[in-house]
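Accompanying notes for the structure given below.
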Ligand SMILES: CC(C)(COP(=O)(O)OP(=O)(O)OC[C@H]1O[C@@H](n2cnc3c(N)ncnc32)[C@H](O)[C@@H]1OP(=O)(O)O)[C@@H](O)C(=O)NCCC(=O)NCCS
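Residue numbers (our numbering): 15 to 198.
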């Protein structure tokens with residue numbers, strides 16, 4: 015999952031922080047009851063299995079990082095420090111991410127969705143969103159949001175097809191980002 019994330023989201027903050035950091039973040043989320051992680055995989059005779067894709071969602075993204083620190087501060091701080099030693103320029107980005115204020119009152123969020131390029135356009139993305147929505151509904155979530163890079167027009171078309179509504183554009187770490195939401 016961490017490898018797929020790093021290969022697909024090449025310029026994003028987590029990928030720049032490195033494979034180990036991504037691994038720690040997702041591994042920590044697995045221990046939080048209000049996070050949903052689902053990985054789809056396909057049988058492969060050589061590799062045993064191949065990742066088809068994954069989706070990550072959370073019922074309260076506003077307090078997520080604080081809660082992750084509470085349960086896994088040691089690893090998160092260690093991996094952040096190691097990433098910053100390798101790339102000191104990231105200090106500013108880290109501060110901006112920590113000070114980032116949510117752009118919406120909606121707390122539930124689709125944090126990440128990624129389909130292995132060789133499995134795209136085969137409805138796997140739609141299936142993963144359906145799984146997250148089933149989990150959201152089970153927990154009485156009425157609407158949720160997703161933040162998309164403005165340059166990621168493929169993802170915007172995908173969200174539009176799935177019934178999301180564009181809300182606004184804002185800046186995050188000098189990148190133009192779009193906020194979208196969907197009512198369930
Ligand atoms: C965006 C992404 C998750 C879509 O997954 P996918 O499995 O290829 O999408 P699906 O096959 O389930 O498509 C679902 C619908 O969206 C549409 N769609 C998907 N990608 C599209 C594109 N690039 N342009 C136009 N429509 C698109 C499909 O036509 C389909 O519509 P339909 O069911 O009415 O025919 C996938 O392309 C991906 O992993 N991209 C890279 C990671 C990323 O950008 N994630 C989002 C970050 S916010």
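C-beta atoms are modelled at their ideal positions from N, C-alpha and C, and glycine is treated no differently.
Source: prediction; values computed, not measured.
Under three-state DSSP, which class holds residue i?
i: residue 25; result: coil
i: residue 33; result: helix
i: residue 64; result: strand
i: residue 55; result: strand
i: residue 172; result: helix
i: residue 186; result: strand
Specify, as a first and last residue, the run of the beta strand (DSSP E) that residue i falls within.
i: residue 162; result: 157-163
i: residue 196; result: 189-197
i: residue 147; result: Where residue 147 is concerned, there is no enclosing beta strand (DSSP E), although the alpha helix (DSSP H) it sits in stretches over 138-152.
i: residue 133; result: Per DSSP, residue 133 belongs to no beta strand (DSSP E) and is neither H nor E.
i: residue 121; result: Premise fails: residue 121 is in no beta strand (DSSP E) and is neither H nor E.
i: residue 178; result: Segment: none, residue 178 is in no beta strand (DSSP E) and carries neither H nor E.
Just curious, the alpha helix (DSSP H) that residue i is in, first and last residue?
i: residue 79; result: 78-100
i: residue 111; result: 104-113
Buried or exposed: residue i, going by 16 or more other Cβ atoms within 10 Å of its Cβ?
i: residue 69; result: buried
i: residue 72; result: buried
i: residue 174; result: exposed
i: residue 57; result: exposed
i: residue 131; result: exposed
i: residue 171; result: exposed
i: residue 160; result: buried
i: residue 177; result: exposed
i: residue 153; result: exposed
i: residue 67; result: buried
i: residue 151; result: exposed
i: residue 143; result: buried
i: residue 109; result: exposed
Taking Cβ positions only, does residue i come closer than 8 Å to chain C?
i: residue 44; result: Judged by its chain identifiers, the structure shown contains no chain C, having just a single protein chain.
Three or more C-beta pairs below 8 Å linking the stretch 160-177 and the stretch 186-194
The stretch 160-177, when compared against the stretch 186-194, does touch it at the 8 Å Cβ threshold.
Inspect the CB distances between the stretch 34-44 and the stretch 73-86 and report whether three or more fall short of 8 Å.
Segments in contact, yes.
May I ask you to verify whether the stretch 91-103 touches the stretch 27-38, counting CB pairs closer than 8 Å and requiring at least 3?
Touching, per the Cβ criterion.
Assess, as a yes-or-no matter, whether the stretch 143-150 is touched by the stretch 76-83 under the definition of 3 or more beta carbon pairs within less than 8 Å.
Between the stretch 76-83 and the stretch 143-150, the count of Cβ pairs shorter than 8 Å is below three; the stretches do not touch.
Could you check whether the stretch 119-137 touches the stretch 97-110, counting it as contact only if at least three pairs of C-beta atoms, one from each stretch, sit closer than 8 Å?
Touching, no, given that fewer than three Cβ pairs across the two stretches are closer than 8 Å.
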